[in-house]
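Peer 1: Residue numbers (UniProt numbering): 1 to 980.
Just so it is clear, CB atoms sit at the ideal spot from N, CA and C, and this is done for glycine as well.
This is how it looks when you write it as structure tokens:
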């Protein structure tokens with residue numbers, strides 16, 4: 001058993017498992033310490049009479065208990081636990097008994113189900129430990145930067161353990177061990193240096209890896225698999241089983257659990273036997289042979305040799321065979337699923353694909369052994385009865401697969417938060433949801449989010465300094481020492497482009513009321529996210545180039561053409577070439593992602609064809625609830641899976657910042673406006689903590705809450721006392737909040753109605769607008785309402801929509817609604833024809849003149865032509881009308897324009913638009929929105945040029961082509977200019 005493990009015998013996997021076990025050992029000690037240090041371990045809130053399940057009932061959405069029936073200590077304890085959860089949403093189901101109370105309460109921060117019987121922290125898996133570090137505010141702060149490394153390690157762990165291919169490359173091993181090393185450096189442990197040395201021996205390949213290590217690896221993998229199966233079993237009985245399934249990368253065990261339940265039953269039958277094997281093996285490795293399982297016979301040497309052989313070969317070999325047996329079954333299932341997917345979604349053939357595909361096939365032959373044996377097993381498996389696996393349509397992907405480059409990347413600049421996502425073209429053809437996003441934006445205190453705040457900081461010289469959390473932290477540290485004067489700090493600047501008139505030279509205010517060109521601020525934000533992504537890709541492949549990426553920039557669908565042109569201009573200055581850039585409407589991108597993700601999930605769950613959401617003919621509305629704007633579109637699924645727009649995009653400035661406005665007004669009224677303003681300036685770091693608290697609480701508030709606890713910085717209470725010579729308790733007792741707000745330690749306890757009223761303005765605007773849209777004839781038959789965007793996480797908004805449209809509509813919220821837009825934009829970059837038609841929100845046209853007709857035309861617009869004839873000018877000639885259904889590349893009828901003078905090299909035509917249906921007769925009732933600029937490449941100085949123009953209004957940008965009239969007409973450079 002101590003003989004070295006030979007190369008090729010999964011040596012890398014054994015080393016990876018050794019590293020993971022070292023990390024888990026350190027994490028267990030770290031969590032143990034945190035259990036003792038956190039507030040819920042104190043005697044002040046401990047209760048010896050109540051069972052904690054009372055609180056589970058009390059905080060359940062399904063049942064409420066009268067306040068008198070709830071223990072006040074436990075209620076306070078539950079509030080503390082909730083306040084310590086980053087999303088104020090503990091998993092109460094993992095709590096089981098008051099024994100080892102600190103650990104039982106800490107389990108409420110584990111998202112996965114099935115930990116209720118886990119009596120101590122030693123029995124927790126890596127994912128549970130990482131979830132505690134992610135979800136507990138104080139634990140996250142204590143572990144600091146180590147959390148981002150833990151998340152990367154967990155991603156690699158799931159990738160290796162939960163797939164059929166357990167091959168670990170040298171690169172993957174090095175990446176995992178490097179991250180383990182960095183994680184250990186951020187965790188205090190008495191034996192940390194010893195563990196770091198051991199990690200170095202693994203990285204340098206100087207550690208002696210034995211067959212016994214490989215057997216331990218088999219057992220550890222089996223335990224992890226069993227834990228994963230247990231989680232799935234508990235999730236299947238949970239009200240929201242999708243959450244656990246979607247958090248883990250699509251794995252072969254998921255296919256096995258959902259597509260071939262007969263195999264999972266087979267595993268369950270053998271589980272007792274496997275656990276017995278593991279128990280005996282553990283004793284063997286620890287030199288403590290269990291006599292009652294296999295008693296030794298001192299006088300029978302031959303019998304003892306047989307027992308040792310059973311230990312070292314038969315029993316351990318059975319475990320290995322069991323792993324191999326599972327992997328073979330998984331391989332057959334995966335092959336079966338891939339075969340079906342290749343029929344449903346045939347991969348686009350590329351002349352360069354043959355070599356790669358042959359290489360993959362030969363690699364599979366090496367790993368599967370005897371081909372004839374495997375083929376026979378596969379035939380037997382395919383002949384067995386198959387579960388129903390039908391689709392409502394078959395997408396003809398090769399017809400509209402449009403990606404030109406290796407990667408499609410999307411950038412989403414939001415009002416409050418921004419992010420990026422990307423996918424590789426080859427992976428996308430196999431799995432459209434294989435999309436990567438940077439999910440470890442770190443605020444420096446341990447809080448990690450999937451988006452970064454939309455904050456840009458420039459130094460005193462106007463040079464870009466930082467973006468996101470780094471910019472936020474830097475500026476507040478400067479403000480704390482009064483060194484921030486002259487620094488340029490911008491946040492929530494996206495709404496500047498929602499203005500009616502946008503100029504190229506538009507300027508916006510920073511935090512110190514100083515102006516700066518908006519183009520520099522937007523360019524800096526786009527450039528930072530672009531460069532952050534490039535760095536990440538180049539770490540994966542040093543030969544990666546910027547020209548290998550197709551970029552997609554998301555914009556609100558209700559933005560005007562000038563705002564969209566401004567974003568394109570900013571992207572260009574950020575280094576994104578226009579021929580690599582496209583725009584995606586935010587609600588359309590979300591529609592694409594939701595359709596894809598919900599449909600894929602239904603396939604995996606074996607949903608019958610007629611029950612799969614988003615089948616042909618289904619109509620649905622996307623309500624994109626962002627920080628600044630609410631953006632709404634409606635779509636119908638066509639037979640080929642593409643989406644047809646049912647109505648023009650609409651919406652308004654009713655996003656989450658409206659709630660922030662009322663939240664801040666509430667704080668101002670409590671502490672007096674002038675005092676709060678001074679506090680915001682003089683105590684900038686505390687103000688930052690307060691803003692973050694408001695953001696978390698805004699998403700966590702529930703309509704069913706009776707009281708809401710709001711933790712405020714202690715400095716705010718002291719500051720108020722210092723400036724007013726009053727304490728806040730006295731102010732609350734005597735002021736207008738005496739019946740709704742009380743204070744306990746550093747927390748305000750607020751009647752829920754007070755905070756819920758802060759949502760009313762935004763909520764009422766959204767509900768009224770959606771109700772108005774649903775009355776339109778073209779939306780009759782629409783039955784699904786999709787809520788996406790960061791503000792969609794608010795339970796208040798979700799419940800308001802459900803209550804308002806209860807009965808007639810199904811309200812759906814995808815997992816991670818804040819990432820639905822950016823991930824959908826990635827899919828749109830691969831498949832731009834996913835949106836096959838759009839409804840025009842406006843009529844576009846030009847001003848023309850015709851012969852004056854007294855019966856039709858107004859005298860106001862009569863004029864005399866150059867030849868003395870009466871003409872009517874300022875007539876609106878519409879190229880497209882409001883409500884027209886247009887294909888993305890559909891071109892308008894040819895329009896002819898003549899240059900005013902012979903020899904003119906440039907012709908400029910004014911463009912007007914109107915929201916009236918039908919459009920008005922005169923351009924005086926329209927709005928001039930831009931110009932069509934035509935530049936001739938060659939000019940005859942003696943003749944006026946006749947130019948033929950075609951335009952396309954059905955895309956996210958208005959496109960134009962032009963040429964000179966006549967055979968062999970020369971190309972004319974044409975562009976729209978929407979900016980003043």
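In chain order, which alpha helix (DSSP H) runs of at least 4 residues are fully inside the region 793-820?
Peer 2: Correct list: 795-804.
Peer 1: Kindly indicate which three-state DSSP category residue 981 falls into: helix, strand or coil?
Peer 2: Coverage of the chain is limited to positions 1 through 980, which leaves residue 981 absent and any answer about it impossible.
Peer 1: Say whether the region 771-781 touches the region 640-649, bearing in mind that this needs 3 or more beta-carbon pairs closer than 8 Å, one atom from each stretch.
Peer 2: Yes, since at least three Cβ pairs between the region 771-781 and the region 640-649 fall closer than 8 Å, the two stretches touch.
Peer 1: When DSSP labels each residue in this structure, what does residue 130 get in the three-state scheme?
Peer 2: Walking along the chain shown from the start, residue 130 turns up at place 130. Residue 130: helix per DSSP, three-state reduction.
Peer 1: Within 10 angstroms of its Cβ, does residue 729 collect 16 or more other Cβ (buried), or is it exposed?
Peer 2: On the chain shown, residue 729 is found 729 positions in, with the first residue counted as 1. It is exposed - the Cβ of residue 729 has fewer than 16 other Cβ atoms within 10 Å.
Peer 1: Measuring CB to CB, does residue 175 end up less than 8 Å from residue 156?
Peer 2: The count along the chain shown starts at 1 and reaches residue 175 at position 175. The count along the chain shown starts at 1 and reaches residue 156 at position 156. Taking 8 Å as the Cβ cut-off, residue 175 and residue 156 qualify as a contacting pair.
Peer 1: To which residues of the same chain is residue 35 closer than 6 Å at the C-beta, ignoring the five residues directly before and after it?
Peer 2: Your numbering for residue 35 matches position 35 in the chain shown. Closer than 6 Å at Cβ, skipping near neighbours: 102, 103 and 106.
Peer 1: By the three-class DSSP mapping on this structure, what secondary structure does residue 783 have?
Peer 2: Here residue 783 refers to the residue found at position 783 when the chain shown is read from its first residue. Coil.
Peer 1: In angstroms with no decimal places, state the Cα-to-Cα distance between residue 652 and residue 898.
Peer 2: On the chain shown, residue 652 is found 652 positions in, with the first residue counted as 1. On the chain shown, residue 898 is found 898 positions in, with the first residue counted as 1. Taking the straight line joining both Cα atoms gives about 40 Å.
Peer 1: Measure the alpha-carbon distance for residue 442 versus residue 141 and round it to whole angstroms.
Peer 2: If you number the chain shown from 1, residue 442 lands on position 442. If you number the chain shown from 1, residue 141 lands on position 141. The alpha-carbon atoms of residue 442 and residue 141 are separated by roughly 10 Å.
Peer 1: If I follow the unbroken alpha helix (DSSP H) through residue 685, where does it start and stop?
Peer 2: Locating residue 685 in the chain shown gives position 685, where the first residue counts as 1. It spans 684-700 - the alpha helix (DSSP H) in which residue 685 sits, taken as one unbroken run.
Peer 1: Could you compute how far the alpha carbon of residue 753 sits from the alpha carbon of residue 666?
Peer 2: Walking along the chain shown from the start, residue 753 turns up at place 753. Walking along the chain shown from the start, residue 666 turns up at place 666. Each residue's alpha carbon lies about 13 Å from the other.
Peer 1: How would you call residue 855, buried or exposed, if buried means at least 16 neighbouring beta carbons within 10 angstroms?
Peer 2: As a first step, residue 855 is located in the chain shown; it is residue number 855 there, counting from the start. So residue 855 counts as exposed.
Peer 1: Does DSSP classify residue 103 as helix, strand or coil?
Peer 2: Counting from 1 along the chain shown, the entry for residue 103 is found at position 103. If DSSP states are grouped into helix, strand and coil, residue 103 belongs with the helices.
Peer 1: I need the straight-line Cα distance from residue 28 to residue 90, nearest angstrom please.
Peer 2: Taking the chain shown and counting its residues from 1, the one referred to as residue 28 is at position 28. Taking the chain shown and counting its residues from 1, the one referred to as residue 90 is at position 90. Taking the straight line joining both Cα atoms gives about 20 Å.
Peer 1: Classify residue 874 as helix, strand or coil using the three-state DSSP reduction.
Peer 2: Numbered from 1 along the chain shown, position 874 holds the residue referred to as residue 874. Residue state, collapsed to three classes: strand.
Peer 1: Cβ of residue 417 within 8 Å of Cβ of residue 409?
Peer 2: Numbered from its first residue, the chain shown carries residue 417 at position 417. Numbered from its first residue, the chain shown carries residue 409 at position 409. No, the Cβ-Cβ distance between residue 417 and residue 409 is not below 8 Å.
Peer 1: What are the complete beta strand (DSSP E) segments, minimum 3 residues, inside the region 436-514?
Peer 2: Counting only runs of 3 or more, we get 455-458, 464-467, 488-491 and 507-509.
Peer 1: For residue 947 versus residue 964, is the C-beta spacing smaller than 8 Å?
Peer 2: The residue you call residue 947 lines up with position 947 of the chain shown. The residue you call residue 964 lines up with position 964 of the chain shown. Cβ distance < 8 Å, so residue 947 and residue 964 count as in contact.
Peer 1: The beta strand (DSSP E) with residue 422 in it runs from where to where?
Peer 2: In the chain shown, residue 422 corresponds to position 422, counting from 1. Taken as a continuous stretch (DSSP letters only), the beta strand (DSSP E) holding residue 422 covers 417-424.
Peer 1: Indicate the three-state DSSP secondary structure (helix, strand or coil) for residue 645 in the structure shown.
Peer 2: Counting from one through the chain shown, the residue named residue 645 turns up at place 645. Note: residue 645 maps to strand in three-state DSSP.
Peer 1: Is residue 145 near the ligand SAM, in the sense that its beta carbon is under 7 Å from a heavy atom of that ligand?
Peer 2: Summarising the ligand content, the structure contains no ligands, and the ligand SAM is consequently not present.
Peer 1: Going by DSSP, which residues form a beta bridge with residue 747?
Peer 2: Here the question's residue 747 lines up with position 747 in the chain shown. Beta-bridge pairing links residue 747 to 711 and 744.
Peer 1: Give me whichever residues DSSP pairs with residue 910 in a beta bridge.
Peer 2: Here residue 910 corresponds to residue number 910 of the chain shown, with the count starting at 1. In DSSP, residue 910 forms a bridge with 931.
Peer 1: Quick check: what's the CA-CA separation for residue 695 versus residue 839?
Peer 2: Indexing the chain shown from 1 puts residue 695 at position 695. Indexing the chain shown from 1 puts residue 839 at position 839. Each residue's Cα considered, the two are about 35 Å apart.
Peer 1: Per DSSP, what kind of secondary structure is residue 663 in: helix, strand or coil?
Peer 2: As a working note, residue 663 is residue 663 in the chain shown. Three-state DSSP puts residue 663 in a helix.
Peer 1: Is the beta carbon of residue 933 sitting closer than 8 Å to the one on residue 906?
Peer 2: Here residue 933 refers to the residue found at position 933 when the chain shown is read from its first residue. Here residue 906 refers to the residue found at position 906 when the chain shown is read from its first residue. Yes. Within cutoff.
Peer 1: Rounded to a whole number of angstroms, what is the C-alpha to C-alpha distance between residue 726 and residue 720?
Peer 2: Residue 726 sits at position 726 when you count from the first residue of the chain shown. Residue 720 sits at position 720 when you count from the first residue of the chain shown. Approximately 7 Å between the Cα atoms of the pair.
Peer 1: In the DSSP output, what is residue 890 paired with across the bridge?
Peer 2: For the purposes of this step, residue 890 is identified with residue 890 of the chain shown, where counting begins at 1. None, per the DSSP bridge assignment.
Peer 1: If we ignore side chains and look at the alpha-carbon of each, how far apart do residue 199 and residue 547 end up?
Peer 2: What you label residue 199 is simply residue 199 of the chain shown in a count that begins at 1. What you label residue 547 is simply residue 547 of the chain shown in a count that begins at 1. Each residue's Cα considered, the two are about 38 Å apart.
Peer 1: So is residue 543 buried or exposed if we call it buried at 16+ other beta carbons inside 10 Å?
Peer 2: The residue you call residue 543 lines up with position 543 of the chain shown. Exposed, by the Cβ-count rule.
Peer 1: Whose C-beta lies closer than 8 Å to the C-beta of residue 693 among residues of the same chain, with five residues either side of it excluded?
Peer 2: In the chain shown, residue 693 corresponds to position 693, counting from 1. Answer for residue 693: 710, 711 and 712, listed in chain order.
Peer 1: At the level of alpha carbons, what is the spacing between residue 676 and residue 462?
Peer 2: Indexing the chain shown from 1 puts residue 676 at position 676. Indexing the chain shown from 1 puts residue 462 at position 462. Going from the Cα of residue 676 to the Cα of residue 462 covers about 29 Å.
Peer 1: Taking C-alpha atoms, which residue in 439, 406, 438 and 492 lies nearest to residue 541?
Peer 2: The residue given as residue 541 occupies position 541 in the chain shown. Closest option to residue 541, Cα to Cα, is 406.
Peer 1: Roughly how many whole angstroms lie between the Cα atoms of residue 962 and residue 794?
Peer 2: Translated into the one-based positions of the chain shown, residue 962 becomes position 962. Translated into the one-based positions of the chain shown, residue 794 becomes position 794. Their Cα atoms are separated by approximately 49 Å.
Peer 1: Between which two residues does the alpha helix (DSSP H) containing residue 986 stretch?
Peer 2: A question about residue 986 goes unanswered here, because the residues of the chain that appear run from 1 up to 980.
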